[in-house]
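Let me begin by presenting the structure, written as structure tokens, before commenting on it.
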Amino acid sequence: MSAYRTAARLFPGCHLPTLYIGMEYMRTHSFKLAEQFFMQAQVVCPSDPLVYNELGVVAYHMKEYKKAVWWFEKTLAHVPSSLSEMWEPTVVNLAHALRKLRRYNEAIIYYEKALALSTRSLSTYAGLAYTYHLQDNFTSAITYYHKALWLKPDDQFCTEMLTLALADECRLGIDPKVETIRSQLFG
Numbered sequence: 001m002s003a004y005r006t007a008a009r010l011f012p013g014c015h016l017p018t019l020y021i022g023m024e025y026m027r028t029h030s031f032k033l034a035e036q037f038f039m040q041a042q043v044v045c046p047s048d049p050l051v052y053n054e055l056g057v058v059a060y061h062m063k064e065y066k067k068a069v070w071w072f073e074k075t076l077a078h079v080p081s082s083l084s085e086m087w088e089p090t091v092v093n094l095a096h097a098l099r100k101l102r103r104y105n106e107a108i109i110y111y112e113k114a115l116a117l118s119t120r121s122l123s124t125y126a127g128l129a130y131t132y133h134l135q136d137n138f139t140s141a142i143t144y145y146h147k148a149l150w151l152k153p154d155d156q157f158c159t160e161m162l163t164l165a166l167a168d169e170c171r172l173g174i175d176p177k178v179e180t181i182r183s184q185l186f187g
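Residue 42 in the UniProt record's numbering sits at position 42 of the sequence shown, and the numbers go up by one each step.
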């Protein structure tokens, strides 16, 4: 931390030391302090999408989900070219924040965008499965819990939620759309 403070004093026009100090405060769960340093970094360099991403992460940790969505959207707007796999965590974080706000359809869109960037993210599959589960779309939830478990077979959350989704589907019935397709195919 002292090295970052020294760098911040030696290079007052550079936002990176301030950004890294904020990241260190995030690691210790000092979210308000982290936010202050991220805001300072943003003033010095308002074009760096990483600064906006960190502001979104800190807002999410402080349970300020609307603010988190705003920062994550601002992050994606500042990405200089088309989205690459590097930005997949930001897209997933945006989807998580939208899910927390119960904006499920928007969350699903962003989870699917994240899957287009990387198909190896447990968090994306689990978030997508959970969002479908919250919408009572048990068939899709089960499918995505299975995909998440394919990546990490011992994941406790996905294992427990898959069990619940299967029980919910048995108790509440299969998705009517699936039932219609099944009856068309098999008479």
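Yeah, the Cβ is synthetic: ideal placement off N, Cα and C, and Gly gets one too.
Going by Cα to Cα distance, which pick from Leu-16, Ala-126, Arg-5, Met-39 is closest to Leu-151?
Considering only alpha carbons, the answer is Ala-126.
CA-CA distance, Cys-45 and Pro-12?
Answer to the nearest angstrom: the Cα atoms are 11 Å apart.
Taking the alpha carbon of Val-57 as the reference point, which residue from Leu-128, Asp-48, Ala-77, Asn-93 has its own alpha carbon closest?
Of the candidates Leu-128, Asp-48, Ala-77, Asn-93, the one whose C-alpha sits nearest the C-alpha of Val-57 is Asn-93.
Touch check for the region 26-42 and the region 72-85: three-plus C-beta pairs under 8 Å?
No, because fewer than three Cβ pairs between the region 26-42 and the region 72-85 fall closer than 8 Å, the two stretches do not touch.
Tell me which same chain residues have a C-beta within less than 6 Å of the C-beta of Phe-138, skipping the five on either side of it?
Answer for Phe-138: Ala-165, Asp-168, Glu-169, listed in chain order.
Scan the UniProt repeat "TPR" (122-155) and note each continuous alpha helix (DSSP H) run of 4 residues or more that stays entirely inside, going in chain order.
As far as the UniProt repeat "TPR" (122-155) is concerned, its whole alpha helix (DSSP H) runs of at least 4 residues are 122-134, 138-151.
Are the Cβ atoms of Tyr-52 and Ala-97 separated by less than 7 Å?
No.
Out of curiosity, what's the CA-to-CA distance linking Leu-134 and Lys-147?
Approximately 18 Å between the Cα atoms of the pair.
List the endpoints of the continuous alpha helix (DSSP H) containing Gly-56.
From DSSP, the alpha helix (DSSP H) with Gly-56 extends over 49-61.
Using a threshold of 7 Å, state whether the C-beta atoms of Ala-95 and Ala-77 are closer than that.
No; because the gap between Cβ atoms is not below 7 Å, this pair is not in contact.
Cutting at 6 Å between CB atoms, please list the residues of its own chain near Tyr-25, excluding the five before and the five after it.
The residues are Leu-33, Ala-34.
Three-state secondary structure (DSSP) at Glu-24?
In the structure shown, Glu-24 sits in a helix (DSSP, three-state: H, G or I).
Rounded to the nearest angstrom, what separates Arg-9 and Ser-30 at their Cα positions?
Looking at the two C-alpha atoms, the distance is approximately 22 Å.
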